[in-house]
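Trainee: The listed protein sequences correspond, in order, to chains G and C.
Quick note: the first sequence, position 23, residue 23 per the working numbering, numbers continuous.
Quick note: the second sequence, position 113, residue 1113 per the working numbering, numbers continuous.
The beta carbon of each residue, even a glycine, is placed where N, CA and C say it ideally should be.
Before I ask anything, here is the structure I am working with.
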Amino acid sequence: MPNADATLRVEFNARRPLLQQLAATLEEKTREALEGVSHIDRIGFRVKDTESFMTKAGDPKYTSPLTQIEDQVAGRVITFFRDDIQIVRDQITSYFRGVEHEVKEPENATEFGYESDHYIFVIAEHWKPEGWAEESEMPVTVELQIRTLFMHAWAEPQHDIGYKANVDRITQRELAWIAASAWGADHKLNELADRFAGQDSD
Amino acid sequence: MTAGRLISAFAYEVAPKQAAPYQGGEISVTPALQDALGRTFDRSKIADAPAVTFTVDMGSPTRSHPVRDAALAIAFDTSPQLALVEGLAARLADAMDNRSKPSLLMMSVHEAPTASARRLLLWTFPQQEVFNLTMRGGHPSLELLDAFNRESNLRKAALLEGPNDRTGMLSARVLDLQSTATDRSVADFWIVEFLEAQMQMSDVEGTQLLARALRAAYTKTKGDDVAQEELSTAIGALRRQTGQRWSIDEVATRFLSDAAATPFLGAVRSEERHAAFVVEHDRFDHLIQYRRFTLSNGVVVSAPFAEIDVPGGVTITEQSGTRRLQLDAEIQEEQVRTRA
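Right under this line is the structure:
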């Protein structure tokens, strides 16, 4: 339905400034929630780009994409070590009101691939920028991902490469090998951090 | 915002710890009922009341929650409604304190501005004694009746709105004048026990916001002793309060005059001023920490708030229009520092 798509695109673009204000508020709030927590590499929020929103909105499961797509505003916290993820979870869930938590990892124990914590939080009324209430069908939730540097190091480039058409078998094998290497490095780095924890750094 | 066109309504009388059956059922939708509910909605200002989020099962694919699930099914009429409403009546009876009088549990379903959404209103009106004056055969007669009072300060309400999907009715606006009570069982009855929800502003966020606003106001009122004293009094009082919910607006109203309230309120966004939270004492102390005094002889005293105006701590007195500081304590450590 080209006309419906065009209307949806216009509506999404029209609300981007409000979504961007919300993203900025959430980034500030996340920094506040994680104040004093060590080993945080970065915290960031972004508004979904229009093309990506339109692609997702094409999924027939979304009957009201402007409300139902939950990562229109999404954030990411990247930690140094795996053990830091639980610390971040505890801080974040004492600050934000969550409605969903999923630990994403390959189902099969012999597979290596995408790993990340995904949270869905309700957008609190006091975070909504001025003008939000005047719009209809605004999103009610946002997404937050928590992962380590090595989880991220694999996830981001493979998102670019892995989703391309015609990825041949050898490329898939190479991606799996990189995932396994990242997983191993992540665990080893965590072990080293544990070993040296409590020792004074110069 | 108005309540919206009334679609269906239910009412049950509920007593504390009462088991089923409950007296009540579905009420016929009439213009008079629509009008009465509409006026109650408007007067309550519930559309602007504090917001809560339901404590849903975060592992459940449907975001399962006993009140939200029932509300969605009642609002969209996807299951036998009376059984669901009676389930909520049982939940209310269980949450009610034995000392409470019976209440009227009312539920009404309304159209929402978005076609795919519905609005559900939950009310409890407490039973109270009222007089009824009638004339019989030319003589006045005064009767004492029990009635459910829709204007009572003890009434509670929740407004849920949304579509029948994973994103619908995850939050509610809540009317509960007792939510700031110091008795936690009273304060928590409606939001925590019955609705199984949390205020949208977490105690952590609220405490950080409060501390930041107080610090900003303290800095901005430099030279205004009266304003700074008010801010210090507020900090001291908030440190001593236990369990009570505050909003930034309430702190300003309770403790501060205009000179201190203006910079205090100016340090937070307007949307943040009404949200309620409980002050977390340890976090608040950590964020506020010290009060710094510069004396007329150049001496600087930095004192933890916990040690001001307590026996053995820093004492502030006022003599002939000047404020004086006294302290007598053992020196445990001293440092030589440049005057930066």
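For chain C, check one thing: does any of its Cβ atoms lie closer than 8 Å to the Cβ of G44 of chain G?
Mentor: Among the residues facing chain C, G44 of chain G is not included, as its CB has no counterpart in that chain under 8 Å away.
Trainee: Between which two residues does the alpha helix (DSSP H) carrying S1029 of chain C extend?
Mentor: Per the sequence shown, the amino acid found at residue 1029 of chain C is Val instead of Ser. It is not in any alpha helix (DSSP H) - V1029 of chain C carries neither H nor E in the DSSP assignment.
Trainee: Using 10 angstroms around the beta-carbon of Y1290 of chain C, count the other beta-carbons present and answer buried if the total reaches 16, otherwise exposed.
Mentor: exposed
Trainee: Could you pull the start and end residues of the alpha helix (DSSP H) that Q1208 of chain C belongs to?
Mentor: 1203-1220
Trainee: In three-state terms, what does DSSP make of P1140 of chain C?
Mentor: Reduced to three states, the DSSP call for P1140 of chain C is strand.
Trainee: In this structure, what does DSSP give as the bridge partners for S1171 of chain C?
Mentor: Looking at the DSSP output, S1171 of chain C bridges to C:T1053.
Trainee: Note the first and the last residue of the continuous beta strand (DSSP E) segment covering P1263 of chain C.
Mentor: Not the beta strand (DSSP E): P1263 of chain C falls in the alpha helix (DSSP H), residues 1258-1266.
Trainee: Does any residue of chain G bring its CB to less than 8 Å from the CB of T1167 of chain C?
Mentor: yes
Trainee: If you measure from the beta carbon of A33 of chain G to each beta carbon in chain C, is any gap under 8 Å?
Mentor: yes
Trainee: Ends of the beta strand (DSSP E) at Q1081 of chain C?
Mentor: Careful: Q1081 of chain C lies outside any beta strand (DSSP E), inside the alpha helix (DSSP H) at 1081-1095.
Trainee: Does the Cβ of A1340 of chain C have 16 or more other Cβ atoms within 10 Å, making it buried, or fewer, making it exposed?
Mentor: Any reading at A1340 of chain C must be qualified, since the residue scores a pLDDT of 48, below 50, and its modelled position is unreliable; the value itself is stated next. Exposed, since its Cβ has fewer than 16 Cβ neighbours within 10 Å.
Trainee: Are F1125 of chain C and R1099 of chain C close, meaning C-beta to C-beta below 8 Å?
Mentor: no
Trainee: In chain order, what residues of the same chain lie with their CB nearer than 6 Å to the CB of A193 of chain G, ignoring the 5 residues before and after it?
Mentor: F81
Trainee: Count the other CB atoms within 10 Å of the CB of H159 of chain G; is the residue buried (16 or more) or exposed (fewer)?
Mentor: exposed
Trainee: Measuring straight from C-alpha to C-alpha, what distance separates A1252 of chain C and K29 of chain G?
Mentor: 23 Å
Trainee: Name, in chain order, the residues that DSSP records as bridge partners for W1190 of chain C.
Mentor: BP columns for W1190 of chain C are empty, so no partner.
Trainee: V140 of chain G touches chain C at which residues, Cβ-Cβ below 9 Å?
Mentor: G1162, T1167, G1168, L1170, S1171
Trainee: Locate the beta strand (DSSP E) running through V103 of chain G, then write down its first and last residues.
Mentor: V103 of chain G -> beta strand (DSSP E) spans 98-104.
Trainee: My assumption, with CB atoms under 8 Å, is that Y119 of chain G sits in contact with A155 of chain G. Please give the rounded CB distance.
Mentor: Not really, about 16 Å apart at Cβ, beyond 8 Å.
Trainee: Alpha helix (DSSP H) containing R1254 of chain C: first to last residue?
Mentor: Per DSSP, R1254 of chain C is one residue of the alpha helix (DSSP H) stretching across 1248-1255.
Trainee: Should the segment 147-154 of chain G be regarded as contacting the segment 120-138 of chain G, the criterion being three or more beta carbon pairs within less than 8 Å?
Mentor: At 8 Å Cβ cutoff, the stretches do not touch.
Trainee: Which ranges does the alpha helix (DSSP H) cover as unbroken runs of at least 4 residues, wholly within the segment 65-90 of chain G, from first to last along the chain?
Mentor: Restricted to the segment 65-90 of chain G, the alpha helix (DSSP H) segments that are unbroken, complete and at least 4 residues in length are 65-68, listed in chain order.
Trainee: Under 9 Å between beta-carbons, which chain C residues line up against S38 of chain G? List them in chain order, please.
Mentor: The premise fails here: S38 of chain G is roughly 17 Å from chain C at the closest Cβ pair, so nothing lies under 9 Å.
Trainee: From A1234 of chain C to A1009 of chain C, what does the alpha carbon distance come to, in whole angstroms?
Mentor: 45 Å
Trainee: Distance, Cα to Cα, A153 of chain G vs I178 of chain G?
Mentor: 10 Å
Trainee: Kindly identify the DSSP beta-bridge partner or partners of M1106 of chain C.
Mentor: C:A1011, C:W1123
Trainee: Return yes when the C-beta of V1310 of chain C is under 7 Å from any heavy atom of the ligand NAP, and no when it is not.
Mentor: Here there are no bound small molecules, and the ligand NAP is not part of this structure.
Trainee: Across the segment 1158-1165 of chain C and the segment 1072-1085 of chain C, are there enough close Cβ pairs to call them in contact, namely three or more that are closer than 8 Å?
Mentor: yes
Trainee: Return the chain-ordered list of same chain residues with a C-beta closer than 6 Å to the C-beta of A1303 of chain C, the five sequence neighbours on each side being excluded.
Mentor: R1291, V1314
Trainee: Note down, in chain order, every chain C residue with its Cβ under 8 Å from the Cβ of V122 of chain G.
Mentor: T1053, L1170, S1171, Q1200
Trainee: Using a beta-carbon distance below 8 Å, is S116 of chain G in contact with chain C?
Mentor: no
Trainee: Could you tell me the alpha carbon to alpha carbon distance between K188 of chain G and L175 of chain G, rounded to whole angstroms?
Mentor: 20 Å
Trainee: Kindly identify the DSSP beta-bridge partner or partners of I40 of chain G.
Mentor: G:T79
Trainee: Taking all protein chains shown into account, decide if Q978 of chain C is buried (16 or more other Cβ within 10 angstroms of its Cβ) or exposed.
Mentor: Examination of residue 978 of chain C is not possible in this model, given that chain C is present from 1001 through 1340 alone.
Trainee: Do A1197 of chain C and P1050 of chain C count as a contact pair if the criterion is CB distance below 8 Å?
Mentor: Contact: no.
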